[in-house]
Amino acid sequence: MAGWGWTVHGDGRSVAPGEVVAPGERLSWGRTAGIGMQHVVAMFGATFLVPLITGFSPQTTLFFSALGTALFLLLTRNRLPSYLGSSFAFIAPIGAATAAGGQSVAVGGILVTGLALAVVGVVAHLAGTRWIDALMPPVVTGTIVALIGFNLAPAAWGSCTDDGCSGFRAAPVTATVTLLAIVLVTVLFRGILGRLSILVGVLVGYAVALVRGEVDLEAVGEAAWVGLPPFVTPTFDLAVLGLFLPVVLVLVAENVGHVKSVAAMTGTDLDPYVGRALVADGLATTLAGTGGGSGTTTYAENIGVMAASRVYSTAAYWVAAGTALLLSLSPKFGALVATIPDGVLGGAATVLYGMIGLLGARIWVQNRVDFSSPVNLMPAAVALIVGIANYSWAAGELRFEGIALGTAAAIGLYHLMRVVARWRGTHDEPATPASVPGGTELTH
C-alpha cells in the first residue's frame, strides 16, 4: 500500500485460485463498490436487531455504525478490514439500565464502556497482548460469552403486562415462522444467502406479520425521506455502570479474535494492530454513546463475506461505511426498520441468544479446554449459574447483576483456584492452549 491508497490487484477484475486481495489492494472500483454493498447487507440483520430489541433508534445506530467503521479504518491505517456493527454483548446491560433510569442512562453506560475499552487498547498497544491471554484464558472467555447468551433467555420468551406482550409471546405464530425460516435458510442455501439467514428469516417473518395485521406502517408514511437521525444525550448513573463492565472484556475478546482471523486468512502479521483495533472500537463505541447509538464491535458476518469473496480490501469497507451513512440519513428508512414487530424479534432472538450461549461452548471445544481439571470446571460452573439465574448484589449506589457477577466469578475463581492449586500441589496446572482465531464474535 502506498500511503493511504490501494494498489490494483492483478487485472482488477478477478482473483486467481489460491490468491486473496490483500487489505492494501483493491479490484476495480465497480467491483469494490459491489463488495462494499455486500458488506452492508451482511451486517444489516444483526446490526438492526440490537436497537430494535433494546428500544434504540435503528437510524441512529446505523449512523454511528457508519462513522465508527470509518474511524476504525483511519486508526488502523487501512490495514485491518472490518465493519463495526452492533454488539450483542450490550443487550442485557442496556435493558437493565433502561429499566432503571431510562434510555439516556443506558447511553451513558455505552459511552463509559467505550472509554474503558480505549484505555485497554492503549495498554495493549504499549505493552502487548500477552496479559490479555493470561487474564482471560479460553475457559474464562468461553464462560463469559456463554453466560451472556443464556442470561438473555427470558427476554427472548418475553413477558405480558396490561399493555400487551413482548418477545416470542407477543405473536407465537409469527415468531415460530421467523425462527423456522432462519433455521431452514441456514441449511438450504450455500454462500452469502446462507450466511444471511437471520436477515432472510426476519424478512420472511415480517411478511407473515404483514399478512396477519401485526405491522403498523403509519409512522413510515409520516417520516421524511432525508434528515438526521434522532439523538439521545447521555446521562450517568453510578448504580448501573457495573452492569456494563463485563462488556469491555467481551469486546476485547471479539476484537482480538477478529484480528487473528484476518491475519490467518491473509497470511499477514497483524498483531501490531491489536492495540489500535481496541482503541478504534473503544472510540467508536464512545462516539455512539454520545448520541444514542448501540455499542459497536467487529463483525463475524463480514468475515464470512471476505472468506467467500477472498477480497480483504479495506477500500470495500470505506464503500460500506459510506453506504450505511447515506441510509442512516433517511428517517423513512429508519421508520420502516422500526416497524418490525415483537413477534419477529422474539423468533430471531430465540435463535440468536442461544447461538451466543453456544459460542461460548465452541470456544471451549476449539481451544480444547480440559474440564476434568477442577480449576477449569468449577469457575465455569459457578459463573454460568450466577449468570443464568441473574444473581444480583448492591454495593452502595452500584448494582451488579448476573452478567457482571458471573464474569467476576469466572475470572476471580479461576485465578484463585489456580494459585492455590499450584501452591498446595493438589491439582495439575490446567492446560491453556493459544486461542483459536475468530472464535469469539457474538454475532451470526
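Quick note: the sequence shown uses the numbering used here, first residue -12, plus one each step. All C-beta atoms in this analysis are idealised placements derived from N, C-alpha and C, irrespective of residue type, glycine included.
- Task: Determine, using beta carbons only, whether phenylalanine 320 and threonine 47 come nearer to each other than 9 Å.
- Result: On the sequence shown, residue 320 is found 333 positions in, with the first residue counted as 1. On the sequence shown, residue 47 is found 60 positions in, with the first residue counted as 1. It is not a contact, given that the beta carbons lie outside the stated cut-off.
- Query: aspartate 329: buried (16+ other C-beta within 10 angstroms of its C-beta) or exposed?
  - Reply: Position 342 of the sequence shown, counting from 1, holds the residue named residue 329. Flag for aspartate 329 reads buried.
- Taking Cβ to Cβ, would you say alanine 9 is nearer than 9 Å to tryptophan 305? Position 22 of the sequence shown, counting from 1, holds the residue named residue 9. Position 318 of the sequence shown, counting from 1, holds the residue named residue 305. In this structure, tryptophan 305 does not lie closer than 9 Å to alanine 9 by Cβ.
- Short check: CB of serine 315 to CB of proline 216, under 9 Å? On the sequence shown, residue 315 is found 328 positions in, with the first residue counted as 1. On the sequence shown, residue 216 is found 229 positions in, with the first residue counted as 1. A contact, by the Cβ cut-off of 9 Å.
- Query: In this structure, what does DSSP give as the bridge partners for valine -5?
  - Reply: If you number the sequence shown from 1, residue -5 lands on position 8. DSSP lists Arg13 as partners of valine -5.
- Item | Chain-order list of residues whose beta-carbon lies under 8 Å from that of glycine 88 (same chain, five-residue window excluded) | Locating residue 88 in the sequence shown gives position 101, counting from the first residue. Result list for glycine 88: Thr222, Asp224, Ala226, Val227, in chain order.
- Message: Using a 10 Å radius around the Cβ and a threshold of 16 neighbouring Cβ atoms, would you call leucine 236 buried or exposed?
- Response: Along the sequence shown, one-based indexing puts residue 236 at 249. Burial call: buried.
- Task: Could you check which residue in Gly200, Ile81, Phe75 has the C-alpha nearest to that of glycine 441?
- Result: With the chain covering -12 to 431 only, the question about residue 441 has no answer from this structure.
- Item | Pick from Phe231, Val(-5), Gly279, Thr285 that is closest to glutamate 388, judged by C-alpha positions | Numbered from 1 along the sequence shown, position 401 holds the residue referred to as residue 388. Considering only alpha carbons, the answer is Phe231.
- Assigned secondary structure, valine 202 (DSSP; H/G/I helix, E/B strand, else coil): If you number the sequence shown from 1, residue 202 lands on position 215. The answer is coil: DSSP assigns valine 202 none of H, G, I, E or B.
- Task: Could you tell me how far apart the beta carbons of alanine 397 and valine 132 are, in whole angstroms, since I believe they sit closer than 8 Å?
- Result: Within the sequence shown, residue 397 is the residue found at index 410, counting from 1. Within the sequence shown, residue 132 is the residue found at index 145, counting from 1. For alanine 397 against valine 132, the beta-carbon gap comes to about 10 Å, at or over 8 Å, which does not count as contact.
- Three-state secondary structure (DSSP) at arginine 386? Here the question's residue 386 lines up with position 399 in the sequence shown. In the structure shown, arginine 386 sits in a strand (DSSP, three-state: E or B).
- Query: Taking all protein chains shown into account, do 16 or more other C-beta atoms lie within 10 angstroms of the C-beta of glutamate 201, making it buried, or fewer, making it exposed?
  - Reply: On the sequence shown, residue 201 is found 214 positions in, with the first residue counted as 1. It is buried - the Cβ of glutamate 201 has at least 16 other Cβ atoms within 10 Å.
- Secondary structure at glycine 32, three-state DSSP: helix, strand or coil? Taking the first residue of the sequence shown as position 1, residue 32 is located at position 45. Helix.
- Task: Would you tell me roughly how many angstroms separate the C-alpha atoms of valine 189 and glycine 108, rounded to the nearest one?
- Result: Taking the first residue of the sequence shown as 1, we reach residue 189 at position 202. Taking the first residue of the sequence shown as 1, we reach residue 108 at position 121. Their Cα atoms are separated by approximately 35 Å.
- Nearest to alanine 271 by CA position, among Thr283, Gly278, Arg263, Gly262, is which residue? Against the sequence shown, residue 271 aligns to sequence position 284. That would be Thr283, whose Cα lies nearest to the Cα of alanine 271.
- Message: Helix, strand or coil for leucine 60? Go by DSSP, reduced to three states.
- Response: In the sequence shown, the residue the question calls residue 60 occupies position 73. The answer is helix: DSSP assigns leucine 60 an H, G or I state.
- Query: In this structure, does DSSP put serine 91 in helix, strand or coil?
  - Reply: Within the sequence shown, numbered from 1, the residue matching residue 91 stands at position 104. In the structure shown, serine 91 sits in a helix (DSSP, three-state: H, G or I).
- What separation, rounded to the nearest whole angstrom, lies between the Cα atoms of leucine 257 and valine 246? Counting from one through the sequence shown, the residue named residue 257 turns up at place 270. Counting from one through the sequence shown, the residue named residue 246 turns up at place 259. Answer to the nearest angstrom: the Cα atoms are 7 Å apart.
- Under 6 Å Cβ to Cβ from asparagine 242, same chain only, skipping five residues before and after it: list those, please. Taking the first residue of the sequence shown as position 1, residue 242 is located at position 255. Hits under 6 Å: Ala264, Leu265, Asp268, Thr285.
- Task: Mind listing, in chain order, the continuous alpha helix (DSSP H) runs of no fewer than 4 residues lying wholly within the region 264 to 307?
- Result: Whole alpha helix (DSSP H) segments, 4+ residues: 287 to 296.
- Query: DSSP three-state call for threonine 173: helix, strand or coil?
  - Reply: Taking the sequence shown and counting its residues from 1, the one referred to as residue 173 is at position 186. Note: threonine 173 maps to helix in three-state DSSP.
- Query: Which residue's Cα is closest to the Cα of valine 160: Val207, Gln25, Val191, Phe176?
  - Reply: Within the sequence shown, residue 160 is the residue found at index 173, counting from 1. Closest option to valine 160, Cα to Cα, is Val191.
- Message: Need the endpoints of the beta strand (DSSP E) that glycine 432 sits in, please.
- Response: Nothing can be reported for residue 432: it is not among the residues displayed for the chain, which extend from -12 to 431.
- Message: Count Cβ pairs between the region 402 to 415 and the region 373 to 388 that sit closer than 8 Å; are there 3 or more?
- Response: no
- Query: CB-CB under 6 Å to phenylalanine 35, same chain, minus the five flanking residues each way: which ones, in chain order?
  - Reply: Looking up residue 35 in the sequence shown gives position 48. Within the same chain, phenylalanine 35 has close Cβ partners Pro45, Val324.
- CB-CB length for serine 91 against threonine 220, believed under 8 Å: The residue labelled residue 91 in the question sits at position 104 within the sequence shown. The residue labelled residue 220 in the question sits at position 233 within the sequence shown. The C-beta distance from serine 91 to threonine 220 rounds to 6 Å, short enough to fall under 8 Å.
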